[in-house]
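Input: a single structure, listed below in structure tokens.
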Amino acid sequence: MLRSVKGLVCHTPKLDHGHALHTTAKDWLSSTVSQDVRILAERSRAIFRTSENDPANHAEHHEGCHYSIPLQEVKAVFPHGLPSPFQQQIKTFNEACLMVRKPALELFAYLKSSSFAHPAIRYVIYGEKGTGKTMTLCHVVHYCARQGWLVLHIPDAHLWVKNCRELMQSSYNKERLDQPLQASFWLKNFKTTNERFLKEIKTQQKYAWGKRESTEEGRPLGEVVEQGLARVRNASDAVGVVLKEIKQQCHLGSFRLLVAVDGVNALWGKTTLRKEDKSPVSPEELTLVYNLRKMVRNDWNGGAIVTTLSQTGSLFKPSSAYLPHELLGKEGFDALDPFVPIRVSNYSPQEFESCYHYYLDRKWLQHEKARTAEGRDELRFLSGANPRQLQRLAGPL
Amino acid sequence: MASVSRPLLAGGGYWAVLSRCGGRGAAYSSVPAVSSRGGKQREASTRRTSRTSQFIKSHAPPRTERMAVDQDWSSVYPTAAAFKPASVPLPIRMGYPVKRGVPLPKEGNLELIKIPNFLHLTPPAIKKHCAALKDFCTEWPSALDSDEKCEKHFPIEIETVDYVSAGTSIRNPKARVVTLRVKLSHLNLDDHAKKKLIKLVGERYCKDTDTLTVTTDRCPLRRQNYDYGIHLLTVLYHESWKTEMWESEKTEEDMEEYIWENSCSQKSALDTLLLIKASENVSNVTKEELLSSEVVKSYRNSVVALKNEGETENNMSQYKESVKKLLNIQALP
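Laid out in structure tokens, this is it:
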């Protein structure tokens with residue numbers, strides 16, 4: 001009886017996408033259900049969910065709670081940013097719920113209090129595998145998108161240094177190599193996220209793409225992006241132009257820029273790519289990496305740079321490496337220095353409870369023992385409070 | 398047989414340990430042993446009369462039965478010798494046991510014979526060796542009664558080995574090896590000289606104990622090797638004090654430890670601070686002023702600690718605090 005009522009209660013969020021969760025639930029419940037069920041449902045809701053959907057208002061008392069992002073916003077803000085297990089979870093649960101955790105709240109505090117006349121401050125999120133670094137970055141990206149910043153989100157810099165089928169010599173600089181496929185893919189997603197900025201920002205110089213094609217001064221940046229998408233050969237150069245223009249115009253103050261790079265250690269490591277004469281390619285010989293390195297330097301102001309270190313997907317690094325020096329190497333550390341390191345660790349007991357209740361609420365944990373206290377302790381022990389492990393364990397249950 | 402002998406054993410007080418031994422003929426006290434021996438001899442004598450038995454020897458009991466507890470062990474094992482189960486009165490077992498079994502007994506146990514044993518070096522035996530050698534030794538100087546005094550007055554330690562063997566020749570080629578050990582803190586070296594010396598000697602320097610160990614054996618005689626060792630030490634000392642022209646090309650990779658001055662970290666920190674000051678329209682801030690300010694000093698210390706000692710939680714949190722102070726970030730909005 002209780003379970004069926006709980007099931008009915010859980011269906012309400014699907015109707016209104018998580019907005020004003022508490023109020024509709026209360027109305028519905030007060031009209032039909034008995035006293036103790038309502039109290040139980042509300043109490044369990046209060047533990048792991050919050051109705052505060054604007055990250056700007058997230059505060060310490062929201063810590064450990066899940067907040068949901070409307071699905072249209074997910075498509076607009078994160079066309080390529082979310083990790084694939086989370087994307088599958090969104091499809092299964094029909095909602096995107098992110099947990100509010102301390103590192104993200106810390107970052108919001110820094111971003112709110114930083115002065116935009118000063119050079120951009122670099123933040124490096126680091127931690128062991130599967131502790132939630134990418135999700136923290138996505139939380140920050142959502143916050144900045146809601147605040148109206150221009151978000152330059154590179155979902156995984158490692159994709160640019162490995163498994164590239166087509167490497168072409170750059171027409172702009174003979175020494176460098178272009179990657180048309182990766183560049184055009186990224187441009188497409190960048191366009192989806194930042195449509196309105198592309199109309200507002202104007203180019204400040206003339207760019208010649210070939211003998212007959214060029215972009216004049218004062219044209220909106222959207223044209224550069226279109227050029228890159230239409231002519232895939234010039235995609236990498238288009239990316240370079242976009243980055244340069246944005247960086248130059250950011251200090252004018254008409255918009256704020258967030259550079260969010262996941263797996264920033266790829267920019268200073270080794271690549272698995274080889275040139276035609278089988279000699280290895282070093283990262284600075286790739287146009288995309290070269291331009292991105294320029295963005296991550298702090299010689300511009302009016303924004304922030306938030307990066308993540310990632311061992312998964314990194315090349316030639318042992319799987320137990322997670323500290324900045326180990327993953328960035330000497331070159332990377334010196335390039336990013338001085339930065340603010342932010343540590344992301346496994347779930348605290350409160351956060352674990354919240355995640356467990358969320359899975360129960362979504363009826364993801366179907367095993368009958370999973371609902372018991374022993375089941376919960378067993379899950380905690382097996383996963384070691386590691387978010388990724390918990391998510392993988394909960395799958396087959 | 399065994400049950401009869403046990404009360405005799407308790408009374409006798411002798412072979413109580415040996416009663417636990419496996420194997421034939423080792424566990425019995427003298428009285429039944431005599432009877433058994435006598436019995437066996439009688440058996441053997443009766444058997445000897447038949448033709449096939451002339452090849453069968455009588456099995457004498459092992460020597461361990463006749464050993465007193467307070468015997469002189471150094472006469473049993475005066476020199477290094479293989480393990481003889483009949484001479485060692487200990488119930489030792491060695492070997493991999495079968496399932497639900499015990500390791501093999503010592504009789505005929507090849508594992509016990511293969512391994513080196515120190516039965517010839519028991520403390521009483523060593524006392525006897527020392528007593529015998531005392532006539533050839535001189536007295537230890539009474540003023541050198543502690544290790545520190547020895548080190549202070551004799552910083553260089555020379556190690557040589559003499560070999561004696563029973564043979565026709567008194568020469569042993571291993572006797573020419575000379576090992577010289579010295580602590581670098583006793584040598585008069587400045588910073589550059591110490592780093593250069595360590596680079597020159599390479600593997601021969603141990604950082605934990607700060608000792609340089611030089612082993613020479615390239616000359617045929619010990620005296621020559623000793624002279625060569627001393628010569629090496631002299632040359633190393635003098636060479637490390639000299640500075641060559643090409644030493645100025647020392648790059649960052651050659652450095653033993655991280656030096657913050659003139660590094661990329663210092664440059665980027667100064668650039669950032671200058672940009673901050675420029676944006677606040679504070680002009681005429683010189684580099685020296687910035688370098689001597691508190692925030693930059695604490696930042697420098699944290700970076701040096703991070704690079705030299707490696708990354709620990711402590712170091713990282715220190716670095717984080719110093720960067721926050723440097724870039725003027727407040728945590729609370």
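Residue numbers (my numbering), protein chains in the order written: chain Z, 1 to 397; chain Y, 398 to 730.
No residue lacks a Cβ here, since even glycine has one placed at the ideal position from N, Cα and C.
Bear in mind the structure is a predicted one, so any value in this text is a computation, not a measurement.
Using 9 Å as the threshold, is the C-beta distance between residue 251 of chain Z and residue 302 of chain Z below it? yes
Can you tell which of Z/152, Z/101, Z/121, Z/384 has the C-alpha that lies nearest to the C-alpha of residue 245 of chain Z? Z/152
Min CB distance residue 536 of chain Y to chain Z below 9 Å: no
Can you tell me which of the three DSSP states residue 54 of chain Z falls into? coil
Distance check for residue 236 of chain Z and residue 118 of chain Z, CA to CA, integer angstroms please. 30 Å
Per-residue contacts from residue 672 of chain Y into chain Z (C-beta, under 9 Å): 118, 119, 298, 299, 301
Check residue 397 of chain Z in the structure and name its three-state DSSP category. coil
Chain Z residues whose Cβ lies nearer than 7 Å to that of residue 721 of chain Y: 340
The alpha helix (DSSP H) that contains residue 508 of chain Y, what's its start and end? 507-511
Here's the rule: buried if 16 or more other CB atoms are within 10 angstroms of the residue's CB, otherwise exposed. What is residue 550 of chain Y? exposed
Any beta carbon from chain Y within less than 9 Å of residue 337 of chain Z's own beta carbon? yes
Spell out the partners DSSP gives residue 154 of chain Z in its beta bridges. Z/261
Any beta strand (DSSP E) of 3 or more consecutive residues that is wholly inside the region 107-152 of chain Z: 121-126
Minimum length 4: unbroken alpha helix (DSSP H) runs contained in the region 520-560 of chain Y: 520-530, 544-550
CB of residue 342 of chain Z within 9 Å of CB of residue 717 of chain Y, strictly: yes
Give the residues of chain Z in contact with residue 713 of chain Y, contact being defined as C-beta atoms less than 9 Å apart. 126, 323, 324, 341, 343
Counting along the chain, where does the beta strand (DSSP E) carrying residue 98 of chain Z start and finish? 96-99
Who pairs with residue 66 of chain Z in a beta bridge, going by DSSP? Z/49, Z/99
Report, in whole angstroms, the separation of the C-beta atoms of residue 316 of chain Z and residue 269 of chain Z, which I expect to be a contact under 8 Å. 7 Å
Ordered along the chain, which non-local residues of its own chain (more than five positions away) have a Cβ less than 6 Å from that of residue 427 of chain Y? A caution first: residue 427 of chain Y carries a pLDDT of 44, below 50, which makes its placement in the model too unreliable to give a value.
If you drop the 5 nearest sequence neighbours on each side, which residues of the same chain put their C-beta closer than 8 Å to that of residue 367 of chain Z? 375, 397
Here's a check: name, in chain order, each residue in its chain whose Cβ is nearer than 7 Å to the Cβ of residue 274 of chain Z, leaving out the five neighbours to either side. 280, 281
Please report the straight-line C-alpha distance between residue 394 of chain Z and residue 224 of chain Z, rounded to a whole angstrom. 45 Å
Can you pull the chain Z residues whose beta carbon is under 8 Å from the beta carbon of residue 669 of chain Y, in chain order? 119, 298, 338
Any C-beta of chain Y sitting closer than 9 Å to the C-beta of residue 110 of chain Z? yes
With three or more beta-carbon pairs closer than 8 Å as the criterion, would you say the region 195-210 of chain Z touches the region 86-99 of chain Z? no
Is there a C-beta anywhere in chain Y that falls below 9 Å from the one on residue 277 of chain Z? no
Alpha-carbon to alpha-carbon, residue 103 of chain Z and residue 291 of chain Z: 28 Å
Report the partner residues of residue 307 of chain Z according to the DSSP bridge assignment. Z/124, Z/261
Look up residue 468 of chain Y in the DSSP assignment and say whether it is helix, strand or coil. coil
Any beta strand (DSSP E) of 3 or more consecutive residues that is wholly inside the region 275-320 of chain Z: 303-308
Determine, using beta carbons only, whether residue 131 of chain Z and residue 324 of chain Z come nearer to each other than 9 Å. no
Does any CB atom of chain Y fall closer than 9 Å to the CB of residue 54 of chain Z? no
Quick one: what's got a C-beta closer than 8 Å to residue 669 of chain Y's C-beta in the same chain, skipping five residues either side? 723, 724
List the endpoints of the continuous alpha helix (DSSP H) containing residue 598 of chain Y. 588-598
Return no unless some Cβ of chain Z is closer than 9 Å to the Cβ of residue 623 of chain Y. no
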